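Sequence order for the protein chains is A and B.
For the record, in the first sequence the residue sitting at position 131 is 131 according to the working numbering, with numbers rising by one throughout.
For the record, in the second sequence the residue sitting at position 1 is 1001 according to the working numbering, with numbers rising by one throughout.
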Amino acid sequence: MHRTTAALMLLCIATAAALYVPQLAELVGRRPLVVTLHQWSGLLTPAPFLLGLASPAFRADLRRLNRFGAHDRTWLRAARRRDRSPESRPAGKFNAGQKVYASWIAGAVLVMLATGLMMWFTSLTPLVWRTSATFVHDWLALAVGIVVAGHVAKALADPEARRGMRTGWVERGWARREHALWAADETDDA
Amino acid sequence: MGRRIVLSMLGLGAAGVVAAPQLQGGLEALLGAAADKDPTGLTELLPNGGGFRYYSVVSSVPRKDESSYRLTVDGLVDRPATYTLDQLRALPQTRTVRDVQCVTGWRVPQTPFSGVKLSALLDAAGVRPEGKAIRFTCFDGAYSESLTLSQARRDDVLVALRMQDKPVSHSHGGPVRLYVAPMYFYKSAKWLSGITVTSDVRPGYWEERGYDVDAWVGRSNGRTDAPTV
């Protein structure tokens, strides 16, 4: 699920770069092929999410991501102070940063999809809309690129979180330290 | 709360689309000014950073120079011809300064092009009465374009040797490209190598993929840009 989304997203970003950055465009060429890859990877990016909705565990994670508690405000304040100590950054299974990222990127993907479709199917909307959609698509693409790079950097900095994504298991000590409220949350849910 | 962030992104996106015409004008002015003073060239990577964008439909394009470049004129003509770069340079040159408008939206103001009028090459070859259109082919091996004979005879349709008062560079379609001033820039085929007079218009590369054959700026492809001529 995460891997398929990530693969589609990276393909979308890579093809976008090949279409957009002149030096890369010059290197890659093959414009019709790159455009087709970009369109389809973009269109399919939300597909794993939609399929995931069939899974109760995935829906439970979405509920966790959606719910912001008092501890999340504490976490965000600590993040703003650059305070890295685990005590001042209380978190359940997902910390406040992950929650903000998840909902921001979900919204951004939908906006990219909508503006992308307006550019793809030019007859759907009037011309002024298409030019405006291009404008939003271009600038939001830049923001998405930067934010996704940040997301990847965060993951690279935390091997245990990566192991969790890969295997579904994390060390108890790491979970106690980085996601102290998780255990309580699990018993609450049960 | 998470839902609220998703919804506010959607709201911002919609607001962005609505406000885009104003925002775009402001940003273009700002970035244009910044790009003038930017030694790093980073502003060129930003959206609307200005200038030309490189589009090629193939993976790589062979390079041609004085010794290897040839332009052929054939089809429904009395005197088919082949020109070298030096022969083209020796013909009378015409210079125009117009905006360049791409069908994807970017526009480069006041760009000088100079070269040989296409009509001069057609006159030299002697178009037969049954010749009604021109097909252009390119040495990238894939691109093609078309014009009707009357469009091709316009004074602002050039076989361009110079762009921005420099020889047309390889990435801009050099050493020789077509320049069709009043039309969207996809008509100005890069890496021009063949001019063939035909009895009817044969749609070019992008035209077979949905773009208009008669690509007047502001009056085709569903766009309303200010005309370049």
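Think of the CB as a built atom: it goes at the ideal place given N, C-alpha and C, for glycine as much as any other residue.
Note that the structure is a prediction, hence the values are computed from the model and not measured.
Distance check between A/Leu-113 and each of A/Val-152, A/Ser-132, A/Gly-42 and A/Leu-8 places A/Gly-42 closest, using alpha-carbon atoms only. Counting along the chain, A/Phe-49 sits inside the alpha helix (DSSP H) bounded by residues 47 to 52. Pairing B/Pro-1167 with A/Arg-77, the inter-Cα distance amounts to about 58 Å. With respect to chain A, the C-beta atom of B/Pro-1175 has no partner C-beta closer than 9 Å. The DSSP-derived three-state label of A/Phe-121 is coil.
From the listed residues A/Asp-138, A/Arg-162 and A/Ala-175, the smallest Cα separation to B/Gln-1024 is found for A/Asp-138. At least one C-beta of chain A is nearer than 9 Å to the C-beta of B/Gln-1024. In this model, A/Val-148 and A/Leu-37 are separated by some 19 Å (Cα to Cα). Bounds of the beta strand (DSSP E) holding B/Ala-1081 are 1081 to 1083. Going by C-alpha positions, B/Val-1006 is about 9 Å away from A/Leu-110. Rounded to whole angstroms, the gap between the alpha carbons of A/Ala-175 and A/Trp-182 is 7 Å. Distances from the alpha-carbon of B/Val-1017 to those of A/Lys-154, A/Arg-130, A/Arg-82 and A/Lys-93 put A/Arg-130 closest. Around the beta-carbon of A/Trp-169, fewer than 16 other beta-carbon atoms lie within 10 Å, marking it exposed.
If you ignore the 5 residues before and after B/Gly-1126, its C-beta comes within less than 8 Å of the C-beta of Val-1077, Asp-1078 and Arg-1079, all in its own chain and listed in chain order. Under the 10 Å beta carbon count, A/Phe-121 is surrounded by fewer than 16 other beta carbons and is classified as exposed. The three-state reading of DSSP puts B/Glu-1145 in strand, counting E and B together.
Excluding the 5 residues flanking it on each side, B/Gln-1093 has same chain C-beta neighbours closer than 7 Å at Ser-1114, Gly-1115 and Val-1116, in chain order. The segment 1129 to 1137 of chain B makes no contact with the segment 1055 to 1069 of chain B, as fewer than three CB pairs between them are under 8 Å. Beta-bridge partners of B/Arg-1162 (DSSP): B/Ser-1114 and B/Pro-1167.
DSSP lists B/Arg-1107 as the bridge partner or partners of B/Gln-1101.
Identification of chain A residues near B/Met-1183 by a Cβ-Cβ cut-off of 9 Å yields none; the smallest Cβ-Cβ distance measures about 17 Å. With fewer than 16 other Cβ atoms from the protein chains shown falling within 10 Å of its own Cβ, A/Ile-146 counts as exposed. At least one C-beta of chain A is nearer than 9 Å to the C-beta of B/Ala-1020. With a beta-carbon spacing of about 22 Å, B/Gln-1151 and B/Pro-1112 fall beyond the 8 Å limit used to define contacts. Taking 9 Å as the CB threshold, B/Tyr-1055 lines the interface with chain A. Nearest to B/Val-1197 by alpha-carbon distance, out of B/Asp-1212, B/Leu-1088 and B/Ala-1081, is B/Ala-1081.
Boundaries of the alpha helix (DSSP H) harbouring A/Phe-58: 56 to 66, taken from the DSSP string. A/Ile-13 sits away from A/Val-136, with the two beta carbons spaced by 9 Å or more. Identification of chain A residues near B/Val-1006 by a Cβ-Cβ cut-off of 7 Å yields Ser-103, Ala-106 and Gly-107, ordered along the chain.
Against chain A, the CB of B/Met-1009 has a partner CB under 9 Å away; the residue lies at that interface. Residues of the segment 79 to 102 of chain A that bring their beta carbon within less than 7 Å of a beta carbon in chain B comprise Lys-99, Val-100 and Ala-102, in sequence order.
Residues of the segment 1156 to 1173 of chain B that bring their beta carbon within less than 7 Å of a beta carbon in chain A comprise Ser-1171, in sequence order. Only Glu-26, Val-28, Gly-29, Arg-30, Arg-31 and Pro-32 from the segment 26 to 49 of chain A bring a Cβ to less than 8 Å from some Cβ of chain B.
Just measuring C-alpha positions, the residue of B/Leu-1071, B/Arg-1177 and B/Tyr-1186 sitting nearest B/Arg-1209 is B/Tyr-1186.
Among the residues facing chain B, A/Trp-75 is not included, as its CB has no counterpart in that chain under 9 Å away.
By a beta-carbon distance limit of 8 Å, A/Ala-54 does not contact A/Trp-75. Their separation comes to about 31 Å.
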